[in-house]
Amino acid sequence: MSNAQSSTGFIKTVLILLKAARTRAAGRRRRQKQLLRSRASDKAIDWSSFGFVMAVLFFAFLNALAAFSINMTVKSAQCIEVESHGRIVVSSRFLNTVKQKEANHDFTQLSLENAIDKKLYQSEAHRISKWNSESEKVIEQRLRQEILSHGPRDLVSIQEAAPGLRALGTGTLPQMIGSLVLILWILMLVFQGEGLELDTQRRKHPMWEWLFSHPAPHGAIFLAEMLAPVAANPIYWSAPLFVGFLYATVYSFGAGVFAAFIIGVPMSIALACLGKAFEIAVMLRFSPRSRGAMIGLMSWVGYLSMILIFLMMFIKKILPVFAGLPETILNMPWPWLHLFLGGRVDGSFSFSAGMVTCLAGSVITIAGAIWFSIWAAQKGLVSNNASANTAPSGAKTKALRFGKDPLYRKEFLWFIRDRGAIVQAILIPVTIAAAQAFNFRFLLKHAHDSWNFLCGIAILIGTYFLWVLGPRSLTSEGQALWISLTWPRGLESLLKAKAWLWSLISSAIVGLIMLYAIYVFPESIWKIALVGTGWYLFSRSMAEKSVTLVTVTSSSGEQEKIPFGRRWATSLGMLTFSIGIITRQWHLAIIGIVFSYLTAAAMWQNFRARLPYLYDPWSEEVPPPPTLMHAMIAITIMVEATAVISIPFSIFGPDSIIIARAFSYTICAGGVSFGVATFLEERGVLLKDIIFWGQPPLIKTGSPLNQFKKNLSRIIKDFLPGAAAGLILGLFGMGYIAILQHFPEAAEILEKSQAQLAKSANIRTIYAFMAICIAPFAEEYLFRGLLYRALDREWGGWRAVLGSAAFFAIYHPPVAWIPVGLLGIASAIMFKKTGNLGTSVALHLVYNTAVTLV
Numbered sequence: 004m005s006n007a008q009s010s011t012g013f014i015k016t017v018l019i020l021l022k023a024a025r026t027r028a029a030g031r032r033r034r035q036k037q038l039l040r041s042r043a044s045d046k047a048i049d050w051s052s053f054g055f056v057m058a059v060l061f062f063a064f065l066n067a068l069a070a071f072s073i074n075m076t077v078k079s080a081q082c083i084e085v086e087s088h089g090r091i092v093v094s095s096r097f098l099n100t101v102k103q104k105e106a107n108h109d110f111t112q113l114s115l116e117n118a119i120d121k122k123l124y125q126s127e128a129h130r131i132s133k134w135n136s137e138s139e140k141v142i143e144q145r146l147r148q149e150i151l152s153h154g155p156r157d158l159v160s161i162q163e164a165a166p167g168l169r170a171l172g173t174g175t176l177p178q179m180i181g182s183l184v185l186i187l188w189i190l191m192l193v194f195q196g197e198g199l200e201l202d203t204q205r206r207k208h209p210m211w212e213w214l215f216s217h218p219a220p221h222g223a224i225f226l227a228e229m230l231a232p233v234a235a236n237p238i239y240w241s242a243p244l245f246v247g248f249l250y251a252t253v254y255s256f257g258a259g260v261f262a263a264f265i266i267g268v269p270m271s272i273a274l275a276c277l278g279k280a281f282e283i284a285v286m287l288r289f290s291p292r293s294r295g296a297m298i299g300l301m302s303w304v305g306y307l308s309m310i311l312i313f314l315m316m317f318i319k320k321i322l323p324v325f326a327g328l329p330e331t332i333l334n335m336p337w338p339w340l341h342l343f344l345g346g347r348v349d350g351s352f353s354f355s356a357g358m359v360t361c362l363a364g365s366v367i368t369i370a371g372a373i374w375f376s377i378w379a380a381q382k383g384l385v386s387n388n389a390s391a392n393t394a395p396s397g398a399k400t401k402a403l404r405f406g407k408d409p410l411y412r413k414e415f416l417w418f419i420r421d422r423g424a425i426v427q428a429i430l431i432p433v434t435i436a437a438a439q440a441f442n443f444r445f446l447l448k449h450a451h452d453s454w455n456f457l458c459g460i461a462i463l464i465g466t467y468f469l470w471v472l473g474p475r476s477l478t479s480e481g482q483a484l485w486i487s488l489t490w491p492r493g494l495e496s497l498l499k500a501k502a503w504l505w506s507l508i509s510s511a512i513v514g515l516i517m518l519y520a521i522y523v524f525p526e527s528i529w530k531i532a533l534v535g536t537g538w539y540l541f542s543r544s545m546a547e548k549s550v551t552l553v554t555v556t557s558s559s560g561e562q563e564k565i566p567f568g569r570r571w572a573t574s575l576g577m578l579t580f581s582i583g584i585i586t587r588q589w590h591l592a593i594i595g596i597v598f599s600y601l602t603a604a605a606m607w608q609n610f611r612a613r614l615p616y617l618y619d620p621w622s623e624e625v626p627p628p629p630t631l632m633h634a635m636i637a638i639t640i641m642v643e644a645t646a647v648i649s650i651p652f653s654i655f656g657p658d659s660i661i662i663a664r665a666f667s668y669t670i671c672a673g674g675v676s677f678g679v680a681t682f683l684e685e686r687g688v689l690l691k692d693i694i695f696w697g698q699p700p701l702i703k704t705g706s707p708l709n710q711f712k713k714n715l716s717r718i719i720k721d722f723l724p725g726a727a728a729g730l731i732l733g734l735f736g737m738g739y740i741a742i743l744q745h746f747p748e749a750a751e752i753l754e755k756s757q758a759q760l761a762k763s764a765n766i767r768t769i770y771a772f773m774a775i776c777i778a779p780f781a782e783e784y785l786f787r788g789l790l791y792r793a794l795d796r797e798w799g800g801w802r803a804v805l806g807s808a809a810f811f812a813i814y815h816p817p818v819a820w821i822p823v824g825l826l827g828i829a830s831a832i833m834f835k836k837t838g839n840l841g842t843s844v845a846l847h848l849v850y851n852t853a854v855t856l857v
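Quick note, the sequence shown lines up with residues 4 to 857 if you use this note's numbering.
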């Protein structure tokens, strides 16, 4: 070692590097929060110190919870072992009551109901059902029969059946369950690292490698790197509490405090060193393609272990599953928790034995971690990338030659060759979705009641999967995503292919659950198939919305923030489809699909205009108005404002609500149309540009008489086809209403509507005025003049016609969707053919007149 290297003291070097590790971890946590939430503000107050204190408190609670979970699961396993011998574990209060009644009563059939209070039976059955899979009624009946047959002889108090950790050595199931929870706690600490980073930023080399050229002792650099997790991650600071709580339970409070320092601190350091050793080995011994996968997998194990620690609070329900395992597994040696607590062969406990065992294990672990790290460093520095394989094997290449579109093959190749994609794009989102599904477990209780619950839960998981997968996948590719800027087809096609891949992956997950639904409810296969078709459309739109969240990557690998408004727009209609399926509101499910599909088109239209300026956002040009987003926002404001304005009138009764809706619709439809027209005029789009599409306004050449004749002829030529089509559709609508009268549910809805209108002549007049004088003008301006025009520019052809008609239909009552949808199709076609919005207005006006007045 040179003099320059020895100029910095050993201890000082370690302290400086440990402080740097803590700062590095805090920075990564802030960056991860930006990537996942995109809400961080540059002007926000620095809460780092407060956040670190809160993190320490949270992890202290987590470690205390882990110790409590071990004690609780051991007691539950002891109860299960007692009940496996034909006895019933009850509370001391219940057992004492039974014994007292036995002294005064003969438990015959006659006195069974009167011997013990019925509420006592019910409360005891309720308590037992919390950890028993049987229903309360079954448990109550079993208690009654047991008392009737044998009295209190086969009843055992919970204190006697489950003495806890002090009697750990008396059964195999408690030892196995306790050892498994202990292993879970160890895994949580080993794979925490310097911070819980689910979307790991893949580093090419370990942070300490370049420090070897600095004037500092190499041993200090290496020691600081091994201890970096302890300095950076607050979970290791509170880990000794786990040991202290367990030892306090078995021995005494003082012994627990002593064990937390003497045993807990060395164990925390040992587990942190072991995790760092694994990280060093992965960084140096794995190929660049596999590093991200392994680091991500390690982070996933740490995250999953943490979640499972929380779920231990609810493990009582599944403990009988462990009791039903084969005897070979149950009879295997599970001494880990017993040895950890200082258990002896005779079942007693010794504090000194536990201390020696844990300290010896800690020393061996630290020594093994250091040796393993040195071995990995020596091997890695010699040939770090020797095993890197930059292309798939010949067999794999042949297997991947499918499909005609090279972009789809490119996405599959990325997915297979980049092994980190499986962890970052599937494993982590599925884990998060599963955790959220547990949070909504009250819905899962009803999942087996009917097929729609299973399908709704599947769609909810798939939707959440796409919501998480999109931004994660875009971030994981980093700068590699922008290589496609040199492709002839450009970035837009690549992102479309990526959205297709996301929807395919999510559909595979949803499809598995739906196949299970078909297995459980085979009689509903056609209904489940319809929901699956709806999911196919919904998933494509959801994936395309997520892909518009892409941002550029700087040379340092940093992602730009995603604007909150864009993320909010992506979430519009996200849960409507699944809620509609779960609650059997089928019209709501259809609205969710249509709304999501149109929102995706609107976001993509804006995204296409923004795409060329991702590296030059200050030169960005917005798409020419009217855009699809303009139309959708205007229509949504009109509908929502109409509903909000009519709410205060609900206190005056249902008749007032009808009148209020008509008035509020008239005001909002006119106000929104005028506001949008003014908004567009300020951007150079005049009202005549909306009304006349692809043809000049009225003729102004020639004599006034010739102008009048030509314009009148043009108006008649454009308006007569619209009026004729409106009359035909009006007659169809009348026939449609007559047909609906033969369906009880639809007939009931129509009768209620007609009864409300028949209550007062004023109500009918107001509705007629709204339908004939307001709706045709406002709705044609918004749905055809703005929405269909923008969709035609985005999609074109029949897709734009059907899309605008579907969006027009969902804003009407479900019973009118078919005729209103046909009206939307006819209006769009007329507007496209004639280039005059007046034709669509005439069609709409005549249709509403026929349906309303006839």
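All residues carry an ideal CB built from backbone N, CA and C; glycine is no exception. In this text the structure is predicted, and so the values were computed from the model without any measurement.
Contact check, residue i vs residue j, beta carbons under 9 Å
i	j	result
Ala853	Gly736	yes
Trp607	Phe834	no
His633	Pro817	no
Leu185	Phe343	yes
Ile283	Glu228	yes
Ser544	Tyr600	yes
Glu797	Leu578	no
Ile638	Phe786	yes
Gly674	Ala644	yes
Leu244	Leu168	no
Gly181	Trp378	no
Ile464	Ile516	yes
Ala728	Leu846	yes
Gly593	Gly537	Checking the sequence, you will find Ile at residue 593 rather than Gly. Yes, they are a contact pair.
Met179	Ala70	no
Ile142	Ile150	no
Leu287	Thr368	no
Anticipated Cβ contact below 8 Å, residue i with residue j, distance rounded
i	j	result
Ala231	Ala24	4 Å
Thr780	Val679	Thr is not the amino acid found at residue 780; the sequence shown has Phe there. Between Val679 and Phe780 the Cβ distance is about 13 Å, and since that is not below 8 Å, they are no contact.
Val77	Leu146	With a Cβ gap of about 25 Å, Val77 and Leu146 do not count as contacting.
Ile272	Val233	6 Å
Pro626	Ala612	4 Å
Asn851	Ala774	4 Å
Ile648	Ser667	4 Å
Ile828	Ala808	5 Å
Met635	Ala605	5 Å
Leu68	Phe97	Contact flag wrong, Cβ pair sits at about 29 Å.
Segment limits, beta strand (DSSP E) that includes residue i
i	result
Ser160	158-160
Ile283	Ile283 -> not in any beta strand (DSSP E); alpha helix (DSSP H) instead, spanning 268-288.
Val92	91-93
Sheet register partners of residue i (DSSP bridge)
i	result
Asn839	Phe695
Phe666	Partner(s): none; Phe666 has no beta bridge.
Phe194	In the DSSP output, where bridge partners are listed per residue, Phe194 has none listed.
Gly346	Phe352
Extent of the continuous alpha helix (DSSP H) to which residue i belongs
i	result
Met606	589-613
His88	Note, His88: premise wrong, no alpha helix (DSSP H); not H, not E.
Gly2	With the chain running from 4 to 857 in the structure shown, residue 2 is simply not present.
Phe261	256-262
Val253	243-253
Phe580	579-585
Ile2	For the chain, the structure presents residues 4 to 857; residue 2 sits outside this window and is missing.
Runs of alpha helix (DSSP H) wholly within the region 729-781 (minimum 4 residues, chain order): 747-761, 764-772
Which runs of the alpha helix (DSSP H), 4 residues or longer, sit entirely within the region 778-826? 778-782, 792-797, 800-812
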